[in-house]
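To start, the structure itself, in structure tokens.
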Amino acid sequence: MTDAADNELPTILAKILTRKREEIAERRQAVSEQEWLARAKTQSAPRGFVSALNACIDGGDPAVIAEIKKASPSRGVIREDFRPAEIAIDYAAAGASCLSVLTDADYFQGHEDYLIAVREACDLPVIRKDFIIDGYQIAEARGIGADCILLIVAALDDAQLKDLHQQATALGMDVLVEVHDIFELERALMLDLPLVGINNRDLRTFETSLDTTFELLKRIPQGVTVVTESGINTRDDVARMREYDVNAFLVGEAFMREEEPGSALRRMFF
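Each residue of the sequence shown is one higher than the one before, counting from 87 in our numbering.
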């Protein structure tokens, strides 16, 4: 997506993408894309992210992508005592299907080292959650061991979305394609996707509404695994989603605010 196109984006996303382009240029100076691809070849094979979710769902259980996140633009610092590997172990013991790790430094206080530590700490598949807009980041993701990446439709044009999706799958990674509204969903469905994330947060107001998932769900073909993201805070929220046959959830803040994130996961889902 071009700088000109950024003018049509919500202010916070436009700012993040501007900074992300600068960051990618800086990173290229330190480590080339070819070097990341070489490191990717030394990694163990990607753990199946989509297959882990579907195995839980097929067994009748909710599939939980438990997020490891220190801060966010809307909430500031969420967790001062931030120990990613310990949190990962806690989540795994509580029944998480997969893990999500924020690697954006400027707006989420994330880091690639957090993902590396998390993947070493347990056997669950891990998604790199960042604002991925360049093939360099795809190579980097696999080079640090990510099993899946996030592609945010709002941040990409159609050509970028297709190219980045192809690059990720060529490296063996799964892709969670995230949408916020019907227009983004229509663009996403032009790809042959096994996995779609519906983010219930309005990027312009930061307000969340679970109705976003219920409305978009009607447009998603059979056979696509749907992940509902943002605004899942209670057992009632989970029950409501499952009534609509939405059985995959990405939850972060509701867990990270608690002293024991794994216990919070268990209370909400099991």
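Every residue gets a Cβ at the ideal spot worked out from N, C-alpha and C, and that includes glycine.
Coil, strand or helix - residue i by DSSP
i, result
"residue 285", "strand"
"residue 298", "helix"
"residue 89", "Low confidence applies to residue 89: its pLDDT is 49, below 50, so where it sits in the model is not reliable enough to give any reading."
"residue 133", "coil"
"residue 172", "helix"
"residue 142", "helix"
"residue 269", "helix"
"residue 240", "helix"
"residue 335", "strand"
"residue 157", "strand"
"residue 279", "coil"
"residue 245", "helix"
"residue 320", "coil"
"residue 196", "coil"
"residue 149", "strand"
"residue 310", "coil"
"residue 118", "coil"
CA-to-CA distance, residue j to residue i, given in whole angstroms
i, j, result
"residue 354", "residue 292", "23 Å"
"residue 117", "residue 127", "16 Å"
"residue 192", "residue 198", "13 Å"
"residue 96", "residue 269", "15 Å"
"residue 309", "residue 110", "35 Å"
"residue 172", "residue 98", "31 Å"
"residue 175", "residue 324", "23 Å"
"residue 299", "residue 356", "22 Å"
"residue 143", "residue 115", "43 Å"
"residue 235", "residue 186", "9 Å"
"residue 177", "residue 347", "7 Å"
"residue 231", "residue 345", "28 Å"
"residue 341", "residue 158", "14 Å"
"residue 212", "residue 103", "23 Å"
"residue 154", "residue 276", "31 Å"
"residue 214", "residue 233", "8 Å"
"residue 180", "residue 145", "17 Å"
"residue 184", "residue 272", "26 Å"
"residue 89", "residue 100", "Reliability fails at residue 89, whose pLDDT of 49 lies under 50, so the model's placement of it is uncertain and the value that follows must be treated cautiously. Approximately 9 Å, taken between the alpha carbons."
"residue 339", "residue 327", "18 Å"
"residue 258", "residue 251", "11 Å"
Selection from the options that minimises the alpha carbon distance to residue i
i, options, result
"residue 106", "356, 189, 331", "189"
"residue 265", "136, 101, 301, 150", "301"
"residue 112", "173, 223, 158", "223"
"residue 349", "152, 102, 121", "152"
"residue 306", "327, 319, 212, 281", "281"
"residue 216", "262, 287, 329", "262"
"residue 337", "169, 129, 182", "182"
"residue 279", "255, 304, 179", "255"
"residue 274", "102, 312, 289", "312"
"residue 352", "149, 214, 138", "149"
"residue 70", "147, 108, 122, 129", "This structure leaves residue 70 out entirely; the chain is present only between 87 and 356."
"residue 141", "343, 333, 339", "333"
For residue j and residue i, believed in contact at Cβ under 8 Å, the rounded distance
i, j, result
"residue 195", "residue 248", "Actually they do not touch by this definition, with Cβ atoms about 31 Å apart."
"residue 225", "residue 119", "5 Å"
"residue 286", "residue 296", "6 Å"
"residue 201", "residue 218", "The pair is not a contact, with the Cβ atoms about 13 Å apart (cut-off 8 Å)."
"residue 289", "residue 330", "With a Cβ gap of about 23 Å, residue 289 and residue 330 do not count as contacting."
beta-carbon residue i near the ligand ZN non-hydrogen atom, thresh 7 Å
i, result
"residue 167", "Inclusion of the ligand ZN in the displayed structure is not the case, the ligand content being empty and no account of it being possible."
Chain C within 8 Å of residue i, Cβ atoms only
i, result
"residue 117", "Protein chain content of the structure displayed is limited to a single chain, and chain C is not contained in it."
- Message: Within 8 Å, do at least three Cβ pairs link the region 235-243 to the region 195-208?
- Response: Judged by Cβ distances under 8 Å, the region 195-208 makes no contact with the region 235-243, as fewer than three pairs qualify.
- Message: Assess contact between the region 133-140 and the region 163-177, defined as three or more Cβ pairs (one per stretch) separated by less than 8 Å. Is contact present?
- Response: Touching, no.
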